[in-house]
Amino acid sequence: MTWQRETFKKIKQIPREEHVLPGTALCAGCGGLEALRLAAKVLGDHVVYVNAAGCFTMLAAYPYTSFKGSWLYTTMGSAPAGAQGIRDALDILIAKGRLPQGEDVKVVVLGGDGSTYDMALSATSGAMNRRLDFYYICYDNEAYGNTGMQLSPATPYAARTATSPCGLQHPAGTAQEKKDLFEIWRAHRPPYIATVAPRYPLDLEEKFARAAAFTGPKMFLALAACPTGWLYDPGTTPEVARMAVETGLWPLKEAINGVVTHTYIPKRKPVEAYLRLQGRFQHLFEPTVQTDAIRHIQERVDAYWEQAMQEQA
Amino acid sequence: MDSQMMTGNLAAAWGARLADVDYIPAFPITPQTEIVEALAKWCERGELAARFVSMDSEHSMMTAAGAAEVTGARVFTATSSQGLLHAFEVLYAISGWRAPLVLVNVSRALAAPITLEADHNDVLAARDAGFLQIHAETCQEVLDSILMAYRIAEDERVMLPVIVNLDGFTLSFTREPVSLPDPDTVRRFLPPFRPSHLGFTASSPHALGVAVIGGTPYAYFKHQMHLAARNALEVHRETADSFQALFGRRYDVVEGYRLEEAEDVLVMTNAGASQGKAAVDAARAQGKRVGLLRLRMIRPWPADAIRQALRGRRAVAVMDQNVAPGQGGILYREVAACLYHEAARPGALCSFIGGLGGQHLSEGMFHAIFEQTAEAGVAGRGCGPVLLYSAEEHREMTQLQMVAGTVGRDGR
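Sequence order for the protein chains is F and H.
Each residue of the first sequence is one higher than the last, beginning at 1 in this note's numbering.
Each residue of the second sequence is one higher than the last, beginning at 314 in this note's numbering.
Here you go:
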């Protein structure tokens, strides 16, 4: 059975109103910002964003903010705990009659993969375990981006970063596989988890609309195609994001109370179609083609989809 | 007012209860745990209309505490030692948010070696974090200081968080008679927390903790924090006046004990000062003109009060229950700094380091302190840092080293 969108069937149904205002200090072509811009069209303005150290920290730099809603910068490792404090305080103030219900806001954590996959994992686990009613948006550009692209646990095999360079010992660059955060989150059984990519706006909007029906942790992993770190022209971000999905490397899926559904089944182009677009994989093709490394990536993605389709059937 | 026997920890919990806090994010750590256990029980029974949440670490606990406070709730939390240091970066974050919460720290020495008993290296590590610090000597003072701390923190001239410190074991687990203030009178002393400038609401959005670019705004906001912390000296005095009028007990930023006609003065903090006062009594009985100055407020640093208390003395000894390795006692140098411009500054300033990790403060130690301080006063030259370690302790340590196999039976 294929996944059906119910709220967002056509592109014209996406609200035109903008909630993340232009003129930010972020890089041109930031795929994470595009994902956030689309998410905010469903989330609206009655939001407090709780931020961890990362690229998005520059979205609110005194005396400016990109949002019509609220913002609290916390630390790199504890944004979900900040969300806990705000959510609890809002609930308390409403329950004690000190704040009208109409003044309530959604609490949304904004963290990069460096914070989310590593330092804040304990705080996120705690928040999910306590069934905190909040959204978590991880903009995943697969490296510590704000510090200039160092290896993070989200970095995929064979990507070159500033701290996983290519050399005789590691001709492919990064030796590790990307940490499977979706499954780590899913083990906590939050009511809603989804992966999204900015080039698939209807899929993204639909997921935020669906998440709104659930009380508890609503967890989003957003592909943040990153021209600055992945080394491609900023104008190519939509194409890079599209190829991440079309090769099957970035599966679009959701998990409702732990039950996984793939929301888009790509025909799966060869992974080279994605890798060749980006400077961080250039060493796989020049000066010689590293066929073993490319085959390894292909085999991993094939194995993923084989298992995913079996489970879905 | 009824008086009951309770530990320092329970007195701290009563302080939070009487302050009618809204929110308590918690994480257990010895010797603080009894505080959050008591609060959890009261919240569960509905005796305290607060939400109690068990957090995943002190780092998360402090973040949740600060975030709830800037949303508009009155927040209490407590920790100790490693927990305080685990939360260390968050202390700076929430003082920068100007979140006026109260944190109780139950002092415990820092690892390594890992231990449970008290010294002040934990709380004094946080001396530059933007929190105000009140260090309490007795169980009653713990409770009263928490009530005073909320009023000072929430004063619009201050708007900074406060640490109320008590010593682990020696005070946290010691039962003393504590008079519980009447809740209605407490409400008159401490009005409800209704900040008009804080909160994240639909109609009044707010960006807090935002990045700044360059030193101009950064320095501005840091200067604001410093000036607000200085304001707390005056606010503390007003608060102490009001507290005394309502409850009959008086707390100033420093407390003098038998300072009248004292030639030499011993400076101490926290529960150890009770032993220091007993030592002063014993020395006075022998005709020695000694007294004690207990520092109650550590941040803001009450420089004027310290100067006034110490000017004209023959000699002053600062007893630090902490050690900055390679430097000496933390409070010694702060006392020295504020006496530098005092024309009638003491003739000698001596530094003693003792009571580390629950090390027993013996009568012999105090005797040695008074002797060496008097000699320094006569000579007109300070001494130290003197690392206090008794012959008995040395024997005990040698025994332990023999068991460990690192020292032979001949002690070598």
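Glycine included, each C-beta is placed from N, C-alpha and C at the ideal position.
Since this is a predicted model, take the numbers as computed values, not measurements.
Unbroken alpha helix (DSSP H) run spanning residue i, endpoints
{"i": "S492 (chain H)", "result": "Element bounds for S492 (chain H): not the alpha helix (DSSP H) but the beta strand (DSSP E), R488 to S492."}
{"i": "N434 (chain H)", "result": "N434 to A438"}
{"i": "W3 (chain F)", "result": "No alpha helix (DSSP H) holds W3 (chain F); DSSP gives it neither H nor E."}
{"i": "F401 (chain H)", "result": "F401 to G409"}
{"i": "F679 (chain H)", "result": "E676 to A692"}
{"i": "L669 (chain H)", "result": "No alpha helix (DSSP H) holds L669 (chain H); DSSP gives it neither H nor E."}
{"i": "I348 (chain H)", "result": "T346 to R358"}
{"i": "T291 (chain F)", "result": "T291 to Q312"}
{"i": "T711 (chain H)", "result": "A704 to A717"}
{"i": "T228 (chain F)", "result": "P227 to W230"}
Any chain H beta carbon closer than 8 Å to residue i
{"i": "S125 (chain F)", "result": "yes"}
{"i": "E103 (chain F)", "result": "yes"}
{"i": "T75 (chain F)", "result": "yes"}
{"i": "I86 (chain F)", "result": "yes"}
{"i": "R130 (chain F)", "result": "yes"}
{"i": "L110 (chain F)", "result": "no"}
{"i": "V42 (chain F)", "result": "no"}
{"i": "L221 (chain F)", "result": "no"}
{"i": "S122 (chain F)", "result": "yes"}
{"i": "V20 (chain F)", "result": "no"}
{"i": "L284 (chain F)", "result": "no"}
Within-8 Å CB hit, residue i to chain F
{"i": "Y653 (chain H)", "result": "no"}
{"i": "H519 (chain H)", "result": "yes"}
{"i": "A524 (chain H)", "result": "yes"}
{"i": "T376 (chain H)", "result": "yes"}
{"i": "M368 (chain H)", "result": "yes"}
{"i": "H399 (chain H)", "result": "no"}
{"i": "D335 (chain H)", "result": "yes"}
{"i": "F340 (chain H)", "result": "no"}
{"i": "H510 (chain H)", "result": "no"}
{"i": "A332 (chain H)", "result": "no"}
{"i": "G443 (chain H)", "result": "no"}
{"i": "A380 (chain H)", "result": "yes"}
{"i": "R364 (chain H)", "result": "yes"}
Contacts around residue i, its chain only, beta-carbon distance under 6 Å, and the 5 residues preceding and following it disregarded
{"i": "Y136 (chain F)", "result": "V109 and M219"}
{"i": "A60 (chain F)", "result": "W71"}
{"i": "C663 (chain H)", "result": "A630, T686, A689, G695, C696 and G697"}
{"i": "A326 (chain H)", "result": "I348, A351 and L352"}
{"i": "L572 (chain H)", "result": "G604"}
Residues near residue i by beta carbon distance below 7 Å, same chain, minus five either side
{"i": "E647 (chain H)", "result": "W614"}
{"i": "E467 (chain H)", "result": "P413 and F506"}
{"i": "I383 (chain H)", "result": "Per the sequence shown, the amino acid found at residue 383 (chain H) is Val instead of Ile. Answer for V383 (chain H): W410, A412, L511 and L521, listed in chain order."}
{"i": "R5 (chain F)", "result": "L202 and E206"}
{"i": "K299 (chain F)", "result": "The amino acid occupying residue 299 (chain F) in the given sequence is Glu; Lys does not appear at that position. So the list is empty, once near-sequence residues are dropped."}
{"i": "H188 (chain F)", "result": "S125, M128 and N129"}
{"i": "N418 (chain H)", "result": "T392, S393, L397, D435, V436, I476 and N478"}
{"i": "K601 (chain H)", "result": "F683"}
Cβ shell of residue i (< 8 Å), same chain only, five flanking positions each side left out
{"i": "G77 (chain F)", "result": "A52, S115, M119, A120, S122 and A123"}
{"i": "T498 (chain H)", "result": "L559 and F560"}
{"i": "K68 (chain F)", "result": "H19, L21 and D45"}
{"i": "D133 (chain F)", "result": "R87, V107, T215, G216 and P217"}
Continuous beta strand (DSSP E) stretch holding residue i: start and end
{"i": "L121 (chain F)", "result": "That residue, L121 (chain F), is in no beta strand (DSSP E); its alpha helix (DSSP H) goes L121 to N129."}
{"i": "N322 (chain H)", "result": "Counting along the chain, N322 (chain H) falls outside any beta strand (DSSP E), though it belongs to the alpha helix (DSSP H) covering G321 to L331."}
{"i": "F444 (chain H)", "result": "From DSSP, F444 (chain H) is part of no beta strand (DSSP E); its letter is neither H nor E."}
{"i": "N51 (chain F)", "result": "V47 to N51"}
Cβ contact (3+ pairs, closer than 8 Å) linking the segment 482-495 of chain H and the segment 453-468 of chain H: yes
The segment 32-44 of chain F contacting the segment 187-206 of chain F, beta-carbon criterion three pairs below 8 Å: yes
Three or more C-beta pairs below 8 Å linking the segment 402-409 of chain H and the segment 291-306 of chain F: no
Members of the segment 184-209 of chain F near chain H, C-beta cut-off 8 Å: none
Chain H contacts from the segment 51-85 of chain F (Cβ-Cβ distance under 7 Å): T57, M58, A60, A61, Y62, T65, K68, G69, S70, W71, L72, Y73, T74, T75, G77, S78, A81, G82, Q84 and G85
Cβ pair count under 8 Å reaching 3, the segment 429-443 of chain H against the segment 668-682 of chain H: yes
Cβ pair count under 8 Å reaching 3, the segment 163-178 of chain F against the segment 218-233 of chain F: no
Members of the segment 402-426 of chain H that neighbour chain F once the beta carbon cut-off is set at 7 Å: E402, V403 and A406
At least 3 beta-carbon pairs within less than 8 Å: the segment 388-400 of chain H vs the segment 94-110 of chain F: No contact exists between the segment 388-400 of chain H and the segment 94-110 of chain F.
Validate contact between the segment 252-262 of chain F and the segment 133-151 of chain F using beta carbons, cut 8 Å, 3 pairs: no
Segment contact, 8 Å Cβ cut-off, at least three pairs: the segment 583-599 of chain H with the segment 539-548 of chain H: no
Proximal residues, the segment 528-544 of chain H versus chain F, C-beta separation under 7 Å: Cβ contacts with chain F come from P530.
Residues, ordered as in the chain, of the segment 90-102 of chain F that lie near chain H by beta-carbon distance below 8 Å: L90, D91, I92, L93, K96, R98, L99 and G102
At least three beta-carbon pairs within less than 8 Å, the segment 231-250 of chain F to the segment 261-276 of chain F: yes
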